[in-house]
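Visitor: If you scroll down you'll find the structure; I have some questions about it.
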Amino acid sequence: MALVMVGCSDELPPPPPQPIAFSHSVHIENEIECTRCHEGVETQAQAGLPAMAACASCHRRQAADHPEVVKFMEQYANGNGEPMVWRKVHVIPTSAMVHFKHSPHVRAGVDCATCHGDVGSMTVAQQVVDVANMGWCLDCHREQDASIDCMTCHH
Amino acid sequence: MTRWGMAIDTDRCTGCGACAVACHAENNIQTVGEVEAARGRAMHWMRIERYYEGVFPDVKVRFQPVLCQQCGHAPCEPVCPVYATYRTPEGLNAMVYARCIGTRYCANNCPYTTRYFNWFAPEFDAPLERQLNPSVSVRPAGVMEKCTFCVQRIQDAQEVAAQEEREVRDGEIKTACSQSCPAQAITFGDLDDPESLVALLARTERTTHLLEDLSTEPSVIYLRGGR
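These protein sequences, in sequence, are chains A and B. Following the working numbering, the numbering of the first sequence begins with 3 at its first residue and continues without gaps. Following the working numbering, the numbering of the second sequence begins with 10 at its first residue and continues without gaps.
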């Protein structure tokens with residue numbers, strides 16, 4: 003019976019396959035700050051993902067014999083400086099021509115978890131809230147007295 | 010309140026076209042090629058018009074950069090059947106691309122002909138696609154577009170000011186055209202701030218508006234003559 007539910011239209015998409023089995027929970031348990039890896043989140047539109055060199059700075063020694071870390075270090079060594087291709091988990095389709103920005107939300111004290119769920123305890127990052135939903139943006143903007151002018155998001 | 014405005018000093022303008030080029034680069038404006046441009050399908054949110062005064066050989070050329078006038082009473086707005094264009098609280102004439110269904114009524118009703126229709130899907134020849142501005146949407150075919158007063162730069166400056174817990178300073182926001190003008194002919198700022206440079210220029214006797222008799226209440230001011 004459970005199978006019948008799969009594919010139901012308002013279900014969130016499953017997390018996309020990632021090139022390395024990266025686990026947030028392992029890193030958060032080791033008290034690594036979100037901003038250490040998502041450096042832009044306080045000042046930029048994009049949260050950003052860490053450069054391979056940033057992962058490698060820890061993983062030359064940390065868990066160096068873990069199979070996923072070995073795989074990662076091999077890709078890093080043989081990648082000719084090409085960045086890791088992480089797949090997007092949260093996507094606002096470009097066809098909506100919307101410009102989401104992290105910095106105003108972090109400045110206003112909106113918690114990451116409000117929009118992303120408790121990523122820190124996930125082994126695989128996945129969508130908990132449907133972020134590609136204008137109604138959801140506007141509900142909160144009305145509640146928190148943020149701008150609901152179309153051009154704030156659409157330009 | 011804030012009301013964004015621009016003053017263009019036509020006595021300073023040399024017609025070099027740097028503003029138009031900067032505008033293309035900043036705002037991901039497509040180029041349509043020679044043939045389509047000849048059919049009137051070229052898209053330049055900022056264009057330079059030439060006027061000749063006098064009779065040869067005693068002619069003087071005057072240049073006038075023309076962009077969306079961000080009208081207070083915009084003729085383009087009431088004719089849109091889907092409310093895709095409207096006036097923002099900060100005095101910009103906004104264009105919501107996602108909402109636009111491409112009737113082109115707005116462009117027909119714009120006395121300044123500063124609205125441009127995307128007849129084609131945008132194509133940027135390699136490697137130009139790598140220099141697209143991520144803060145500006147790339148508009149698809151079938152959508153109207155026009156000058157936004159570089160709203161992305163306005164929003165960025167407002168965000169930096171909010172982070173530093175202060176107001177936006179006069180002169181802090183430069184539109185791409187004003188930044189690139191070698192003659193510093195273009196001044197951008199808040200017309201409602203009496204201390205701002207643009208408001209100061211707007212109070213001089215050199216101030217004129219394009220097609221003033223139409224009562225469109227433009228936010229773009231042209232400065233001319235006077236000493």
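Ideal Cβ positions, reconstructed from N, Cα and C, are used throughout, including at glycine. A quick note: this is a predicted structure, and the numbers were derived from the prediction, not measured.
Do Met-15 (chain B) and Ile-182 (chain B) have their C-beta atoms within less than 8 Å of each other?
Guide: Residue 15 (chain B) sits at position 6 when you count from the first residue of the second sequence. Residue 182 (chain B) sits at position 173 when you count from the first residue of the second sequence. In this structure, Ile-182 (chain B) does not lie closer than 8 Å to Met-15 (chain B) by Cβ.
Visitor: Under 7 Å Cβ to Cβ from Met-99 (chain A), same chain only, skipping five residues before and after it: list those, please.
Guide: Locating residue 99 (chain A) in the first sequence gives position 97, where the first residue counts as 1. Excluding sequence neighbours, Met-99 (chain A) sits near His-156.
Visitor: Give me the chain B residues within the contact set of Pro-106 (chain A), using Cβ-Cβ distance strictly less than 8 Å, ordered along the chain.
Guide: Mapped onto the first sequence, residue 106 (chain A) falls at position 104. In chain order: Glu-168, Ala-171.
Visitor: What residue ranges within the segment 39 to 82 of chain B form continuous beta strand (DSSP E) runs of no fewer than 3 residues, ordered along the chain?
Guide: Here the runs fully enclosed are 56 to 62, 69 to 75.
Visitor: Can you check the segment 27 to 55 of chain A for any alpha helix (DSSP H) of at least 4 residues that lies completely inside it and give the ranges in chain order?
Guide: If we require 4 residues or more, the alpha helix (DSSP H) runs fully inside the segment 27 to 55 of chain A come out as 36 to 39.
Visitor: So, does the CB of Leu-200 (chain B) fall closer than 8 Å to a CB anywhere in chain A?
Guide: Within the second sequence, residue 200 (chain B) is the residue found at index 191, counting from 1. Chain A contact via Cβ: absent.
Visitor: If we ignore side chains and look at the alpha-carbon of each, how far apart do Pro-95 (chain A) and Met-136 (chain A) end up?
Guide: As a position in the first sequence, residue 95 (chain A) is number 93, starting the count at 1. As a position in the first sequence, residue 136 (chain A) is number 134, starting the count at 1. If you take the alpha carbons of Pro-95 (chain A) and Met-136 (chain A), they lie about 12 Å apart.
Visitor: DSSP state of Val-6 (chain A), grouped into three classes?
Guide: Locating residue 6 (chain A) in the first sequence gives position 4, counting from the first residue. Confidence is the limiting factor: at Val-6 (chain A) the pLDDT is only 39, short of 50, which leaves the residue's position unreliable, though a coordinate-based value still follows. Helix.
Visitor: Secondary structure at Val-207 (chain B), three-state DSSP: helix, strand or coil?
Guide: What you label residue 207 (chain B) is simply residue 198 of the second sequence in a count that begins at 1. Three-state DSSP puts Val-207 (chain B) in a helix.
Visitor: Taking only beta carbons into account, state which residues of the segment 143 to 155 of chain A come closer than 7 Å to chain B, listed in chain order.
Guide: Cβ contacts with chain B come from Asp-151, Cys-152, Met-153.
Visitor: Can you grab the Cα-Cα spacing for the pair Pro-98 (chain B) / Glu-31 (chain A), in whole Å?
Guide: As a working note, residue 98 (chain B) is residue 89 in the second sequence. As a working note, residue 31 (chain A) is residue 29 in the first sequence. Each residue's Cα considered, the two are about 46 Å apart.
Visitor: Against Leu-101 (chain B), what residues of chain A qualify as contacts under a CB-to-CB distance less than 7 Å, listed in chain order?
Guide: Counting from 1 along the second sequence, the entry for residue 101 (chain B) is found at position 92. Within chain A, the residues near Leu-101 (chain B) are Met-153.
Visitor: List, in chain order, every chain A residue whose beta-carbon is nearer than 8 Å to that of Tyr-144 (chain B).
Guide: If you number the second sequence from 1, residue 144 (chain B) lands on position 135. Here residue 144 (chain B) turns out to be Ser, not Tyr, going by the sequence shown. By Cβ distance, chain A contributes Ala-47, His-101.
Visitor: What are the complete alpha helix (DSSP H) segments, minimum 4 residues, inside the segment 131 to 191 of chain B?
Guide: For the segment 131 to 191 of chain B, whole alpha helix (DSSP H) runs of length 4 or above, ordered along the chain, are 160 to 172, 185 to 189.
Visitor: Can you have a look at Tyr-61 (chain B) and say buried or exposed, based on whether 16 or more other CB atoms are within 10 angstroms of its CB?
Guide: Walking along the second sequence from the start, residue 61 (chain B) turns up at place 52. So Tyr-61 (chain B) ends up on the exposed side.
Visitor: Provide the residue(s) that pair with His-156 (chain A) in DSSP beta bridges, ordered along the chain.
Guide: Position 154 of the first sequence holds residue 156 (chain A). Bridge partners of His-156 (chain A): A:Val-100.
Visitor: Arg-162 (chain B): buried (16+ other C-beta within 10 angstroms of its C-beta) or exposed?
Guide: For the purposes of this step, residue 162 (chain B) is taken as residue 153 along the second sequence, with counting starting at 1. Buried, because 16 or more other Cβ atoms sit within 10 Å of the Cβ of Arg-162 (chain B).
Visitor: Does DSSP put Val-229 (chain B) in a helix, a strand or coil?
Guide: To locate residue 229 (chain B), count along the second sequence from 1; it is residue 220. In the structure shown, Val-229 (chain B) sits in a strand (DSSP, three-state: E or B).
Visitor: Arg-233 (chain B) to Pro-84 (chain B), Cα distance in whole Å?
Guide: Working through the second sequence from its first residue, we reach residue 233 (chain B) at position 224. Working through the second sequence from its first residue, we reach residue 84 (chain B) at position 75. Roughly 25 Å separates the two Cα atoms.
Visitor: To the nearest angstrom, how far is it from the Cα of Leu-200 (chain B) to the Cα of Arg-96 (chain B)?
Guide: Numbered from its first residue, the second sequence carries residue 200 (chain B) at position 191. Numbered from its first residue, the second sequence carries residue 96 (chain B) at position 87. Rounded to whole angstroms, Leu-200 (chain B) to Arg-96 (chain B) spans 16 Å at the Cα level.
Visitor: Mind reading off the beta-carbon distance from Asn-127 (chain B) to Ala-150 (chain B)? Whole number of angstroms is fine, and I expect it under 8 Å.
Guide: One-based indexing of the second sequence puts residue 127 (chain B) at position 118. One-based indexing of the second sequence puts residue 150 (chain B) at position 141. Yes, Asn-127 (chain B) and Ala-150 (chain B) are in contact; Cβ-Cβ is about 5 Å, under 8 Å.
Visitor: Gln-129 (chain A) and Val-91 (chain A) - do their beta-carbons sit closer together than 8 Å?
Guide: In the first sequence, counting from the first residue as 1, residue 91 (chain A) sits at position 89. In the first sequence, counting from the first residue as 1, residue 129 (chain A) sits at position 127. Yes.
Visitor: For Ile-150 (chain A), is the classification buried or exposed, using 16 other Cβ atoms within 10 angstroms of its Cβ as the cut-off for buried?
Guide: Along the first sequence, read from residue 1 onward, the residue named residue 150 (chain A) stands at position 148. By the neighbour-count rule (16 or more Cβ atoms within 10 Å), Ile-150 (chain A) is not buried but exposed.
Visitor: Quick one: what does DSSP say Tyr-92 (chain B) is sitting in, helix, strand or coil?
Guide: Walking along the second sequence from the start, residue 92 (chain B) turns up at place 83. Correct three-state label for Tyr-92 (chain B): coil.
Visitor: Looking at Phe-72 (chain B): is its Cβ nearer than 8 Å to the Cβ of Arg-56 (chain B)?
Guide: Against the second sequence, residue 72 (chain B) aligns to sequence position 63. Against the second sequence, residue 56 (chain B) aligns to sequence position 47. Result no, Cβ atoms of Phe-72 (chain B) and Arg-56 (chain B) do not sit closer than 8 Å.
Visitor: Could you name the residues of chain A that Val-160 (chain B) contacts, counting a contact when the two beta carbons are closer than 7 Å?
Guide: Taking the second sequence and counting its residues from 1, one reaches residue 160 (chain B) at position 151. What Val-160 (chain B) touches in chain A: Met-153, His-157.
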